[in-house]
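The structure appears below as structure tokens.
Protein chains: 2
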Amino acid sequence: MSETTVISIDAMGGDHGPSVVVPGLAIAAEALAGRAVRFLLHGDEDRLAAELARVPSLRAICEVRHAERVVAMDEKPAQALRRGKGTSLWNAIEAIREGQADAAVSAGNTGALMAMSKLILRMAADLDRPAIVAGWPTLRGVSTVLDVGANIECDAERLVDFAIMGEAFHRAVHRVERPTVGLLNVGSEDQKGHEEVREAHRLLRDGGLDIDYRGFVEGDDIGKGAVDVVVTDGFTGNIALKTAEGTARFISTQMRAAFMSSWLSKLGALVASGALKTLRARLDPSSLNGAPLLGLNGAVVKSHGGADAKGFANAVKVAADLAQSNFNSEIHRNLQQVTAVLGRAREAAEAAGGEPESAK
Amino acid sequence: MSETTVISIDAMGGDHGPSVVVPGLAIAAEALAGRAVRFLLHGDEDRLAAELARVPSLRAICEVRHAERVVAMDEKPAQALRRGKGTSLWNAIEAIREGQADAAVSAGNTGALMAMSKLILRMAADLDRPAIVAGWPTLRGVSTVLDVGANIECDAERLVDFAIMGEAFHRAVHRVERPTVGLLNVGSEDQKGHEEVREAHRLLRDGGLDIDYRGFVEGDDIGKGAVDVVVTDGFTGNIALKTAEGTARFISTQMRAAFMSSWLSKLGALVASGALKTLRARLDPSSLNGAPLLGLNGAVVKSHGGADAKGFANAVKVAADLAQSNFNSEIHRNLQQVTAVLGRAREAAEAAGGEPESAK
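Read top to bottom, the protein sequences are chains A and B.
Residue numbers for the first sequence follow our numbering, beginning at 22 and rising by one.
Residue numbers for the second sequence follow our numbering, beginning at 22 and rising by one.
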């Protein structure tokens with residue numbers, strides 16, 4: 022690979038395909054100006070040529086690789102895998118394995134993206150599937166929450182793996198030297214929660230891992246930004262994330278209704294329109310779009326299927342941040358260490374007679 | 022018991038004790054005017070007399086029962102149980118068992134309230150602890166979500182019990198003739214989620230229970246009001262609820278900051294102050310305060326420890342609604358039925374060769 026970072030793009034993925042992907046790349050290219058980045062676009066040659074014709078500035082840094090076929094948004098992962106070769110999604114990931122690209126981005130079918138990534142790149146961590154990361158807006162900035170949907174059932178070691186991967190990710194993308202890490206639970210005392218979360222707590226606290234672990238955090242601590250990295254299983258994380266989205270939608274609907282309720286309130290909204298615009302921008306989910314799949318031998322970023330060009334651009338920026346950091350080697354080193362550390366922690370716990378406490 | 026509904030009050034509970042409880046009862050009495058309700062106040066005689074002296078309208082419907090001691094807000098449940106007899110909390114619950122009251126309300130120590138309720142009233146359902154119910158504001162009104170924190174690990178049958186209890190509760194308190202019920206999960210397809218949630222889904226769908234079960238719902242469906250009753254385990258429910266609270270706090274902080282950002286936006290906020298006041302009222306948690314503990318032989322309602330008088334009044338209203346409905350007999354009948362229904366469902370599933378599917 023040259024010193025230029027190459028990002029492989031599934032240009033057909035998402036609800037809108039190339040008509041959002043290409044304008045998204047234009048925005049990303051502008052945001053990444055000064056950082057040597059090139060894009061490898063996989064998809065229908067003719068459609069991509071037509072879209073690229075509208076954005077002359079992109080032509081010098083884009084290369085199109087024709088792909089005959091596309092994975093449908095509603096295709097089952099197993100089916101997508103069987104007939105996957107030659108699709109724009111497959112080829113986008115394959116380019117990483119072949120050493121032609123440093124990272125891949127797709128707004129396509131999430132299940133297919135995960136299954137193909139796992140098959141083509143293989144897992145670096147001992148997980149069922151790559152962990153999905155969410156960027157979460159907080160009172161202190163942005164926190165990293167994982168897993169938000171891939172690994173539904175997680176034992177303590179998987180939660181520890183998430184902590185290690187999430188911490189390295191947060192450092193790479195949000196440039197925090199030593200991110201703080203918390204474990205999502207229903208209370209802050211040691212005996213709270215189920216056995217998996219309590220064992221993970223003991224391992225993170227006593228295992229001698231080189232991360233700034235702060236203990237249990239609760240649901241309302243996420244929005245406060247109490248820690249930089251919030252670790253949880255994919256079931257709880259998915260429900261927490263979607264519940265937060267639902268709450269945000271509920272409040273913004275109520276706010277709109279309140280401001281439309283009388284001519285006076287409409288006038289007030291007009292006068293404060295600058296403030297409301299700032300508020301909308303701060304709550305805009307597209308500024309946080311781009312969920313990396315962690316635990317793979319390679320950097321793969323999922324864009325929301327319905328993301329607009331600005332959102333897609335953000336996903337591309339996340340991919341560039343990952344590719345241009347030492348994220349992968351860091352994760353790799355940490356995951357190798359963790360096996361040894363977990364072994365030592367187990368021995369120490371056994372020596373101390375510290376059998377796992379039973380649920381209370 | 023006479024035809025008057027008697028509500029037993031732990032008058033010393035909560036962060037503020039009688040100084041919030043008594044004004045709260047005054048608000049509740051006004052809201053319940055026309056419904057024959059009396060209050061039995063347990064706590065320090067002198068303090069209660071002093072508070073009641075300020076609210077003459079209450080004297081005719083309040084009776085004070087002196088209690089020497091109070092359970093501290095931070096006391097461990099086990100300790101509170103050991104030295105619980107004679108505390109205002111204990112006596113408030115004991116009054117139900119003795120047939121002197123139809124329901125009890127406390128803003129005190131949640132763990133102690135649950136432990137004492139379970140000991141004194143005993144469980145009607147096969148649960149570790151009473152299930153805690155949250156009223157959740159939605160685009161369509163209010164939904165009932167349970168369990169939000171008591172039963173951390175739940176098998177399929179417990180989730181089915183929650184569905185039955187939540188449905189009866191929603192009918193009693195929100196006067197919906199046939200509430201719809203959903204099971205919280207990470208997707209809507211049958212094979213999504215972990216085994217417990219999938220088995221509960223099969224039982225609710227195929228078990229012939231007389232409830233309007235609508236299948237799986239996701240986190241963002243709660244705020245939409247997609248169903249009246251959302252069923253989940255206490256771990257996930259607690260995290261969803263607190264995440265929603267954290268999100269609401271995050272957004273209102275951002276909103277305040279936006280309106281304070283310039284003199285123009287301040288002016289806008291002033292002009293739209295009526296609308297903003299309506300919005301605050303709609304998002305005011307005190308209008309939803311009062312979480313019943315379900316699954317007990319008796320109606321016990323937990324008020325938030327930090328609730329104000331208006332919030333406490335709402336908890337008292339929930340207790341009155343429960344006591345004046347046929348909620349308890351309904352639950353009792355349904356819980357007896359469910360054992361039979363679950364047995365039949367099991368047999369049917371076995372006959373159909375329907376072994377639980379393994380996780381995918």
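A virtual CB, placed ideally from N, CA and C, is assigned to each residue, including glycine.
Everything numeric in this text was worked out from a predicted model, so none of it was measured.
Compute the distance between the beta-carbons of residue i and residue j, then report whether it is under 8 Å.
i, j, result
"P98 (chain A)", "G55 (chain A)", "no"
"A193 (chain A)", "L343 (chain A)", "yes"
"T274 (chain A)", "L160 (chain B)", "yes"
"L53 (chain B)", "A336 (chain B)", "no"
"H195 (chain B)", "V166 (chain B)", "no"
"Q345 (chain B)", "T26 (chain B)", "yes"
"A265 (chain B)", "T108 (chain A)", "no"
"I185 (chain A)", "N355 (chain A)", "yes"
"F237 (chain A)", "N206 (chain A)", "yes"
"V251 (chain A)", "I243 (chain A)", "yes"
"A189 (chain B)", "E51 (chain B)", "no"
"L262 (chain B)", "A155 (chain B)", "yes"
"L102 (chain B)", "G34 (chain B)", "no"
"A293 (chain A)", "S286 (chain B)", "yes"
"I30 (chain A)", "I272 (chain B)", "no"
"E24 (chain B)", "A57 (chain B)", "yes"
Between the Cα of residue i and those of the options, spot the shortest distance and give me the residue it belongs to.
i, options, result
"T253 (chain B)", "B:I153, B:I117, B:G311 and B:L142", "B:I153"
"V169 (chain A)", "A:V163, A:G162, A:W157 and A:D176", "A:W157"
"A328 (chain A)", "A:E51, A:G311, A:A136 and A:A341", "A:G311"
"G240 (chain B)", "A:E72, A:E351 and A:F256", "A:F256"
"L300 (chain A)", "B:L304, B:L285, B:A279 and B:K298", "B:A279"
"V28 (chain B)", "B:I117, B:A184 and B:A177", "Correcting the residue type first, residue 28 (chain B) is Ile in the shown sequence and not Val. The shortest C-alpha separation from I28 (chain B) is found at B:I117."
"V339 (chain B)", "B:M135, B:L314 and B:E351", "B:L314"
"C175 (chain B)", "B:G326, B:R196, B:L79 and B:E220", "B:E220"
"D231 (chain A)", "A:V238, A:V292, A:A361 and A:M137", "A:A361"
"V41 (chain A)", "A:H87, A:T108 and A:G129", "A:G129"
"L148 (chain A)", "A:A155, A:E119 and A:F183", "A:F183"
"G85 (chain A)", "A:M276, A:F60, A:G332 and A:G35", "One detail in the question is off: residue 85 (chain A) reads as Val in this sequence, not Gly. Checked all of A:M276, A:F60, A:G332 and A:G35; the closest Cα to V85 (chain A) is A:F60."
"M137 (chain B)", "B:Q100, B:A146, B:N172 and B:G120", "B:Q100"
"C83 (chain B)", "B:E115, B:R104 and B:P44", "B:P44"
"L297 (chain B)", "A:K106, A:G105 and A:S283", "A:S283"
"K421 (chain B)", "B:A171, B:A261, B:L309 and B:A32", "With chain B covering 22 to 381 only, the question about residue 421 (chain B) has no answer from this structure."
"N347 (chain A)", "A:V58, A:F333, A:H191 and A:A74", "A:H191"
"V248 (chain A)", "A:G187, A:A372 and A:P77", "A:G187"
"Y234 (chain A)", "A:I30, A:R75, A:L180 and A:V58", "A:L180"
"G229 (chain B)", "B:A74, B:D36, B:E368 and B:A334", "B:E368"
"D36 (chain B)", "B:F333, B:V197 and B:M281", "B:F333"
Residue i and residue j look like a contact to me (Cβ under 8 Å); what is the Cβ gap, rounded to whole Å?
i, j, result
"L290 (chain A)", "G289 (chain B)", "Correcting the residue type first, residue 290 (chain A) is Ala in the shown sequence and not Leu. So it is a contact: roughly 7 Å between Cβ atoms."
"A49 (chain A)", "P39 (chain A)", "Actually they do not touch by this definition, with Cβ atoms about 15 Å apart."
"I173 (chain B)", "H215 (chain A)", "5 Å"
"A177 (chain B)", "E119 (chain B)", "Between E119 (chain B) and A177 (chain B) the Cβ distance is about 36 Å, and since that is not below 8 Å, they are no contact."
"L134 (chain A)", "K323 (chain A)", "6 Å"
"A81 (chain B)", "H353 (chain B)", "So it is not a contact: roughly 34 Å between Cβ atoms."
What do you reckon, is the C-beta of residue i under 7 Å from a heavy atom of the ligand MN?
i, result
"P313 (chain B)", "This structure simply doesn't include the ligand MN, nor any ligand for that matter."
Can you confirm whether the stretch 53-65 of chain B touches the stretch 84-94 of chain B when touching is taken to mean that 3 or more C-beta pairs between the two stretches lie within less than 8 Å?
Three or more Cβ pairs closer than 8 Å define a contact, and the stretch 84-94 of chain B meets that threshold against the stretch 53-65 of chain B.
contact_flag[the stretch 195-212 of chain A, the stretch 222-231 of chain A] where n(CB pairs < 8 Å) is 3 or more
Yes, the stretch 195-212 of chain A touches the stretch 222-231 of chain A.
With three or more C-beta pairs closer than 8 Å as the rule, is the stretch 118-130 of chain B touching the stretch 311-321 of chain B?
With the cut-off at 8 Å, the stretch 311-321 of chain B and the stretch 118-130 of chain B touch.
Ignoring anything shorter than 3 residues or poking outside the stretch 120-205 of chain A, list the beta strand (DSSP E) runs there in chain order.
Within the stretch 120-205 of chain A, the complete beta strand (DSSP E) runs of at least 3 residues are 124-127, 152-159, 162-167 and 201-205.
3 or more residues per run - each beta strand (DSSP E) lying fully within the stretch 227-311 of chain A:
DSSP runs (the beta strand (DSSP E)) wholly in the stretch 227-311 of chain A: 233-238 and 250-252.
Complete beta strand (DSSP E) runs within the stretch 24-78 of chain B (minimum length 3 residues, chain order):
Runs of the beta strand (DSSP E) inside the stretch 24-78 of chain B: 26-31 and 58-64.
Which whole runs of the alpha helix (DSSP H) in the stretch 315-364 of chain B are 4 residues long or more, in chain order?
330-344, all fully within the stretch 315-364 of chain B.
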